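Accompanying notes for the structure given below.
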Amino acid sequence: MQIIIRAYNKPDIEQLRTIWNEVVEDGIAFPQTEPLTTAEAVSLFAEQSFTGVAEDQSTGEVLGLYILHPNNVGRCGHIANASYAVKSEVRGLRIGEKLVRHSIEKGKDLGFRILQFNAVVKTNHNAIRLYEKLGFVKLGLIPDGFLMKDGTFEGIFPFYRTL
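In terms of the working numbering, the sequence shown opens at residue 1 and continues consecutively.
Written out as structure tokens, the structure reads:
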């Protein structure tokens, strides 16, 4: 598998929507509760500072994505936020790591000074390990900050990394 990270194109929308919605429907990582329609996906991915895709160059298949955008406005507009999604059948192949590394560089290129994650679910051990490996700092636990799909609440960690 030869993975490249590139900017999304409009023909990618349905593949991006499918991957995004899979994570939403899992109900254990993204805060959204409703899957994206095609129109919502077009809008969401277009309004980001950058939407990146992980593509298998040998097949042209999109295997993952990330969105990068300001975490806030005005005096906090130099802080970026990102979300990552990888197709379930290719998780564990370091595609997520490639996406995070790319977003760090893209954030720098776009003039952001910090990359912040607001709500990494406490049970998302793979993401936590990856973020710590890449130099992100885990801040205090927010108890019961995330409503899991099964109706229980789980703690969340904010993370940040200077760019």
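Cβ atoms here follow ideal geometry from the backbone N, Cα and C, with glycine treated the same way.
Here the structure is a predicted model, which means the values were calculated and not measured.
Burial state of His102, where buried means 16 or more other Cβ atoms lie within 10 Å: Here His102 is buried. Its C-beta has 16 or more other C-beta atoms within 10 Å.
From Val53 to Tyr160, what does the alpha carbon distance come to, in whole angstroms? Straight-line Cα distance between these residues: approximately 22 Å.
Classify Asn81: buried if its beta carbon has 16 or more other beta carbons within 10 angstroms, exposed otherwise. By the 10 Å Cβ count, Asn81 comes out buried.
Let me know the secondary structure DSSP gives Gln15 once reduced to three states. Residue state, collapsed to three classes: helix.
Tyr160 (DSSP reduced to helix, strand or coil): Three-state result, Tyr160: strand.
Going by the beta-carbon positions, is the gap between Leu93 and Leu16 smaller than 9 Å? When the beta-carbon positions are compared, Leu93 and Leu16 stay at least 9 Å from each other.
Output the residue ranges of the alpha helix (DSSP H) runs that lie fully inside the stretch 99-162 and measure 4 residues or longer, sorted by chain position. Residue ranges of uninterrupted alpha helix (DSSP H) with 4 or more members, entirely inside the stretch 99-162 and ordered along the chain, are 125-133.
Tell me the rounded alpha-carbon separation between Val73 and Ile114. Val73 and Ile114: Cα-Cα distance of roughly 13 Å.
Mark Gly107 as exposed unless 16 or more other C-beta atoms lie within 10 angstroms of its C-beta, in which case mark it buried. So Gly107 counts as buried.
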